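Asker: Chains as they are written, first to last, in the working numbering: chain V, 89 to 417; chain G, 224 to 560.
Quick reminder that beta carbons are idealized off the backbone N, C-alpha and C, glycines included.
The model shown is predicted, which means the values in this text are computed figures rather than measured ones.
Sharing a structure here in structure tokens format.
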Amino acid sequence: MLLEVRDLHVTLPDQGQQLRAVRGIDLEVAAGETLCLVGESGCGKSMTALALMQLLPRNAKLSAQTVRLGETELTKLPERKMSALRGRKISMIFQEPMTALNPVFTIGDQLRSVYRRHTGANKQEAQARAIEVLESVGLTNAAVRLGQFPHQLSGGLRQRVLIAMALMCEPEMIICDEPTTALDVTTQAQILRILKDAQDKRKMGMIFITHDLGVVARITDRVAVMYAGRIVEIGPRAAVLQNPAHPYTRGLIGSVPRPKDESAEGARLASIPGNVPAFHREDQRCPFLSRCPKRMDVCTREAPPKRTRHGDQYVFCHLPLEEQEVQPA
Amino acid sequence: MTTPIIEARGLTHIYSVRSGLIGRARPLRALHDVSLSIGEGEILGVVGESGCGKSTLARILLGLETPTAGEVLLEGRPIASYPRRERALAVQPVFQDPYGSLNPSMSVEDLIALPLHIHSIGPKHERQQKVARIADQVGLPRRALAANPSQLSGGQRQRVAIARALVAGPRLVICDEPTSALDVSVQAQILNLLLDLRAEHRIAMLFISHNLSVIEYMTDRMMVMYLGRVVESGSTKETFAAPSHPYTAVLKEAVFTPDDENGVPDLGLRGNFPNAMDIPSGCVFHPRCPVARAECATVYPTLERHGASDHRSACLFPLNAPEGVRHDTPAEASPSA
Chain V
89 MLLEVRDLHV
99 TLPDQGQQLR
109 AVRGIDLEVA
119 AGETLCLVGE
129 SGCGKSMTAL
139 ALMQLLPRNA
149 KLSAQTVRLG
159 ETELTKLPER
169 KMSALRGRKI
179 SMIFQEPMTA
189 LNPVFTIGDQ
199 LRSVYRRHTG
209 ANKQEAQARA
219 IEVLESVGLT
229 NAAVRLGQFP
239 HQLSGGLRQR
249 VLIAMALMCE
259 PEMIICDEPT
269 TALDVTTQAQ
279 ILRILKDAQD
289 KRKMGMIFIT
299 HDLGVVARIT
309 DRVAVMYAGR
319 IVEIGPRAAV
329 LQNPAHPYTR
339 GLIGSVPRPK
349 DESAEGARLA
359 SIPGNVPAFH
369 REDQRCPFLS
379 RCPKRMDVCT
389 REAPPKRTRH
399 GDQYVFCHLP
409 LEEQEVQPA
Chain G
224 MTTPIIEARG
234 LTHIYSVRSG
244 LIGRARPLRA
254 LHDVSLSIGE
264 GEILGVVGES
274 GCGKSTLARI
284 LLGLETPTAG
294 EVLLEGRPIA
304 SYPRRERALA
314 VQPVFQDPYG
324 SLNPSMSVED
334 LIALPLHIHS
344 IGPKHERQQK
354 VARIADQVGL
364 PRRALAANPS
374 QLSGGQRQRV
384 AIARALVAGP
394 RLVICDEPTS
404 ALDVSVQAQI
414 LNLLLDLRAE
424 HRIAMLFISH
434 NLSVIEYMTD
444 RMMVMYLGRV
454 VESGSTKETF
464 AAPSHPYTAV
474 LKEAVFTPDD
484 ENGVPDLGLR
494 GNFPNAMDIP
504 SGCVFHPRCP
514 VARAECATVY
524 PTLERHGASD
534 HRSACLFPLN
544 APEGVRHDTP
554 AEASPSA
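Have a look at this one:
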């Protein structure tokens, strides 16, 4: 396994209490594989990403049994060594390219500095590398673009620059936090293709964070569904999307607007009543308890067991959905 | 046919944009010859990407902006002739950011009651009843009425915005990306709510979204906009079944649903994202169009009807054209070709 995470916790101070943003998750990503972390706002998906990069806010607390990248255990790594890995072995792409780029430096300054810092290359080598990588993400006139400032580029071009920056040192692992959410749909499709191409060429491991199940269906090998700081279901793409085992996963899939079915005039979207809860105290019970349409007595008392379906799809639920129960997609 | 609730004819809007401190003002044509009408209880969708003019259109229909050319008729009368309050009573907005559009220092109850207060509708106890009734309808718990907007979730805030828009009984609601900032499960609640309210109050709606799935689910008729122009319009069902404009086809292909696991498609788009300051000659879409031909750079196609229905598109070489309707050379190409 390229990346292995065991029992990751992140807590953040929140109005005098401790908000448990991530509550004990396990993840694995192989080289060349894509894992989508999917969930709604506040589910802890972005905090998970920042924890893997060791870029959590200063006041956040991280604990984990293991966060291992290749041969390196990241949890015990001093910041000096971590910053030597960041951008070289593991890179991250953020949602908002405007805030992730420094407005007072040119694109070229920012691309070259990443490369020179990690490789000790001189300016000419860094320039050549920047042009090469920018062209590989579909930017025309790369040499001209390098002299421009972030505000002179459109959102889609800025996101390509960020992808290029993440790829400068050929990392083994890339973490993308909603990289296309702020973009128009046609630009989103282009950016996703560029990302997947870059991954295929380099056999990078990828964690892709999104709330968009449509994007999940198009790009991922496996999916982890997060809810209130926990992974409630994880498995291969087709298994999870077509045969969800957790009631939350099914609710989420049912919430996605689709054309109205002629035979069921007035059919409504399946929505999930209520809102995502926040956890300040340790609570081993199912996080979806308060909104679950299938809640039973045992759910209010005991932690949901981890159950397996077909060996590689896991669900944390007392009463997982039966396969035949699921309406055909 | 009865008078539509709202009708717009030939709307063109040009902003003057100054770049830099000493730059000269340059014209930005945000809308070009846009016409529409919405009947009672009807939902018209507007879909398009950044810079297509959809928000300018919303502002004009709300009377917040006077178009450079063209006119808007509200129940048959020019909207410009309405006193401000009367216009606000008839047309109400629901915006994307439910937080930015709610005064943070007011209670939810006062926010919802504000239109009643402004229009001096009913005595106080009657207003309170109306507020309570609409709060029930939009699914706001009673205890939320005493709260401030900052104490509510995003979905609840959007319910407040919808309650406020509906409380004084408008004829038309303009929804500008009302669910774009919400999580999918909450989006589903709000979309269901809007459809329920439409059925109950026969309100006409203009529903603006960049999300084609939402448009398909919510609307009766739709318009596709690109760089200020309407490039396709028609019944939502027909437009989806057989998009006529290549841009509509591209948009349709760019919408991903959980049921489709066929990888990321190549949309065949050429060039860079369009710039509203620099509108291309001929068909505005031609520099990016996957099936453009030489003529497309010089001739601007007008919005024309296809077949018997009211399905129209502005393309010299429309896709899925019924036989013999327009051109000798039937458009065989699909956008991925």
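(1) Using a Cβ-Cβ cut-off of 8 Å, state whether valine 240 of chain G counts as contacting chain V.
(2) For the region 318-346 of chain V, which residues have a beta carbon sitting closer than 7 Å to at least one beta carbon of chain G?
(3) Between the C-alpha atoms of leucine 409 of chain V and arginine 248 of chain V, what's the straight-line distance to the nearest angstrom?
(4) Indicate whether the contact test is met: 3 or more Cβ pairs, each with one atom in the region 124-136 of chain V and one in the region 90-109 of chain V, closer than 8 Å.
(5) Answer yes or no: does any C-beta atom of chain B fall closer than 8 Å to that of glutamate 128 of chain V?
(6) Rounded to the nearest angstrom, how far is the Cβ of leucine 429 of chain G from that of isoleucine 261 of chain G, given a contact under 8 Å?
(7) Which full runs of the beta strand (DSSP E) of 3+ residues lie inside the region 394-455 of chain G, going along the chain?
(8) Return helix, strand or coil for tyrosine 470 of chain G, following the three-state DSSP convention.
(9) Which residues in the same chain have their Cβ closer than 7 Å to the Cβ of leucine 107 of chain V, if we skip the five residues on either side of it in sequence?
(10) Can you list, in chain order, the stretches of the alpha helix (DSSP H) that have 4 or more residues and sit fully within the region 231-297 of chain G?
(11) Inspect the beta-carbon positions of valine 295 of chain G and isoleucine 237 of chain G and report whether they are closer than 8 Å.
(12) Is any beta-carbon of chain V found at less than 8 Å from that of leucine 414 of chain G?
(13) Roughly how far, in whole angstroms, is the beta-carbon of threonine 228 of chain V from the beta-carbon of leucine 490 of chain G, given that I think they are within contact range, below 8 Å?
(14) Can you list, in chain order, the residues of its chain with a C-beta nearer than 6 Å to that of glutamate 265 of chain G? Leave out the 5 residues immediately preceding and following it.
(15) For the ligand NAP, I want to know if histidine 255 of chain G counts as a neighbour, meaning its beta carbon is within less than 7 Å of at least one of the ligand's heavy atoms.
(16) Give the list of continuous alpha helix (DSSP H) stretches no shorter than 4 residues that lie fully inside the region 307-356 of chain V.
(17) Answer with buried or exposed for cysteine 405 of chain V, where buried requires no fewer than 16 other C-beta atoms within 10 angstroms of its C-beta.
(18) Tyrosine 402 of chain V by DSSP, collapsed to three states: which one?
(19) Considering only residues of the same chain and omitting the five flanking positions on each side of isoleucine 113 of chain V, which have a CB-CB separation below 6 Å?
(20) With DSSP collapsed to three states, give me the class of methionine 214 of chain V.
(21) Going along chain V in order, which residues have a C-beta closer than 9 Å to the C-beta of serine 536 of chain G?
(22) If you check the beta carbons only, do valine 257 of chain G and leucine 234 of chain G fall under 8 Å apart?
(23) Does DSSP put serine 328 of chain G in a helix, a strand or coil?
(24) Give the residues of chain V in contact with leucine 474 of chain G, contact being defined as C-beta atoms less than 9 Å apart.
(25) Given this structure, state the Cα-to-Cα distance separating alanine 312 of chain V from cysteine 387 of chain V, to the nearest angstrom.
(26) Are at least three pairs of beta-carbons, each pair with one atom in the region 236-256 of chain G and one in the region 406-417 of chain G, less than 8 Å apart?
(27) Closer than 8 Å by beta-carbon distance: list the chain V residues that pair up with serine 376 of chain G, in chain order.
(28) First and last residue of the beta strand (DSSP E) that includes glutamate 116 of chain V?
(29) What residue range does the beta strand (DSSP E) around leucine 96 of chain V cover?
(30) Would a C-beta distance cut-off of 8 Å place arginine 387 of chain G and leucine 435 of chain G closer than the cut-off?
(31) Does DSSP put leucine 125 of chain V in a helix, in a strand, or in coil?
(32) Between histidine 433 of chain G and chain V, is there a C-beta pair that is closer than 8 Å?
(33) Taking all protein chains shown into account, decide if serine 351 of chain V is buried (16 or more other Cβ within 10 angstroms of its Cβ) or exposed.
(34) How would you list, in chain order, the residues of chain G whose beta-carbon sits under 9 Å from the beta-carbon of alanine 209 of chain V?
(35) Can you tell me whether DSSP reads proline 372 of chain G as helix, strand or coil?
(36) Should the region 489-509 of chain G be regarded as contacting the region 239-246 of chain V, the criterion being three or more beta carbon pairs within less than 8 Å?
Answerer: Let's see:
(1) no
(2) Arg325, Ala326, Leu329, Gly339, Leu340, Ile341, Ser343, Val344, Pro345 and Arg346
(3) 41 Å
(4) yes
(5) Among the chains of the structure shown, chain B does not appear; the protein chains present are V and G.
(6) 6 Å
(7) 395-399, 427-432 and 444-449
(8) helix
(9) Thr99, Leu100, Ala366 and His368
(10) 277-284
(11) no
(12) yes
(13) With 8 Å as the limit, threonine 228 of chain V and leucine 490 of chain G do not qualify as a contact, their Cβ atoms being about 17 Å apart.
(14) Ala427 and Asp443
(15) Here there are no bound small molecules, and the ligand NAP is not part of this structure.
(16) 325-330 and 335-342
(17) buried
(18) strand
(19) Leu96 and Ile319
(20) It should be noted that the sequence gives alanine, not methionine, for residue 214 of chain V. The answer is helix: DSSP assigns alanine 214 of chain V an H, G or I state.
(21) Neighbours of serine 536 of chain G on chain V: none; closest Cβ ~18 Å, over 9 Å.
(22) yes
(23) coil
(24) Val273 and Thr274
(25) 21 Å
(26) no
(27) Asn363
(28) 105-117
(29) 91-102
(30) no
(31) strand
(32) yes
(33) For serine 351 of chain V, the predicted structure reports a pLDDT of 44, less than 50, and the residue's modelled location is therefore unreliable. A value from the coordinates is still provided. That one is exposed.
(34) Here the premise fails: no neighbours, minimum Cβ distance about 30 Å.
(35) helix
(36) yes
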